[in-house]
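Novice: Below you will find the structure I want to go over with you.
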């Protein structure tokens, strides 16, 4: 395990980072496109991942030449997502890691592009949700720009009362990594089938499972005691 100094806080993305929701977004987007004979391609998926939801919606509308507004697209997609999110699966050993993290004194934040009601739905049956000290969602009233702008990470660090340059962000998408790096944070990336490996090069560490981080978490706790 790479040696990484104890951070001031850990700030997590949600989709594709803690929860395996990216396939659900793909399914829902394709259902919106189906009546128009359009395809939600992998290339489009990679453009949309981890970014602001309205920007991603416009990309999908333009790609599929869909006769709808951004609000109409998001509303229709949400109808499909609502039926899927409550059963969203965790990324490998994410729950175990979050539970172990909750037993430490490290501040923990969530910085997700998801709007609050969808975030709450995704986490509704996850007992480790209680370990987040701050949650910043994509529709937070103080949030001006979505990922890949750094705003959401800076706001999360501010609400946690920590210096962003001493934080570690957990991300899975190029947009999210770019946002965290722009905020001055170090990044641990969760490997994703939707992302080329070289797109994670700005991360200080890439993991396939949170189990890999348990020794590092133990070291951080020992360092802080």
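Residue numbers (this note's numbering): 279 to 503. Backbone N, C-alpha and C fix where the C-beta goes; we use that ideal spot for every residue, glycine too. Computed from a prediction, not measured in an experiment: that's the story for all the values here.
Counting Cβ pairs, one atom from each stretch, are 3 or more of them under 8 Å apart for the segment 402-415 and the segment 299-310?
Specialist: no
Novice: Just verifying my parser: in three-state terms, what is the DSSP assignment at residue 464?
Specialist: Residue 464 falls in the strand class under three-state DSSP.
Novice: Alpha carbons only, please: which of 462, 424, 466 is nearest the one belonging to residue 329?
Specialist: 424
Novice: Roughly how many angstroms separate the alpha carbons of residue 501 and residue 451, rounded to a whole number?
Specialist: 30 Å
Novice: Check whether the segment 361-381 touches the segment 482-493, taking contact to mean three or more Cβ pairs, one atom from each stretch, closer than 8 Å.
Specialist: yes
Novice: According to the Cβ coordinates, are residue 444 and residue 415 closer than 7 Å?
Specialist: no
Novice: What separation, rounded to the nearest whole angstrom, lies between the Cα atoms of residue 371 and residue 492?
Specialist: 10 Å
Novice: In terms of residues, what are the limits of the alpha helix (DSSP H) holding residue 484?
Specialist: Careful: residue 484 lies outside any alpha helix (DSSP H), inside the beta strand (DSSP E) at 483-485.
Novice: If you follow the beta strand (DSSP E) that residue 401 is in, where does it begin and where does it stop?
Specialist: Residue 401 -> no beta strand (DSSP E), and no H or E assigned at all.
Novice: If you count every other CB in all the chains shown that lies within 10 Å of the CB of residue 475, and 16 or more means buried, which is it?
Specialist: exposed
Novice: Drop a sphere of 10 angstroms on the beta-carbon of residue 470, count the other beta-carbons inside from all chains shown, and report buried for 16 or more, exposed for fewer.
Specialist: Within a 10 Å sphere around the beta-carbon of residue 470 sit 16 or more other beta-carbons, which makes this residue buried.
Novice: Three or more C-beta pairs closer than 8 Å, one from the segment 453-472 and one from the segment 424-433: is that the case here?
Specialist: yes
Novice: Report the three-state DSSP secondary structure of residue 287 (helix, strand or coil).
Specialist: strand
Novice: In the DSSP assignment, find the unbroken beta strand (DSSP E) run with residue 448 in it and report its ends.
Specialist: Here the beta strand (DSSP E) through residue 448 covers 445-449.
Novice: Have a look at residue 387 and residue 409 and give me their C-alpha separation to the nearest angstrom.
Specialist: The C-alpha of residue 387 lies about 9 Å from the C-alpha of residue 409.
Novice: Where does residue 414 sit, in a helix, a strand or coil, going by DSSP?
Specialist: strand
Novice: Measure from the alpha carbon of residue 468 to the alpha carbon of each residue in 333, 477, 441, then state which is nearest.
Specialist: That would be 477, whose Cα lies nearest to the Cα of residue 468.
Novice: On the three-state DSSP scale, how would you describe residue 297?
Specialist: strand
Novice: Rounded to whole angstroms, how far is the Cβ of residue 338 from the Cβ of residue 314, which I believe are closer than 8 Å?
Specialist: Rounded, the Cβ-Cβ distance is 11 Å, inconsistent with contact.
Novice: Is residue 323 closer than 7 Å to residue 363 when the C-beta atoms are compared?
Specialist: no
Novice: The alpha helix (DSSP H) with residue 348 in it runs from where to where?
Specialist: Here the alpha helix (DSSP H) through residue 348 covers 348-363.
Novice: Roughly how many angstroms separate the alpha carbons of residue 321 and residue 462, rounded to a whole number?
Specialist: 28 Å
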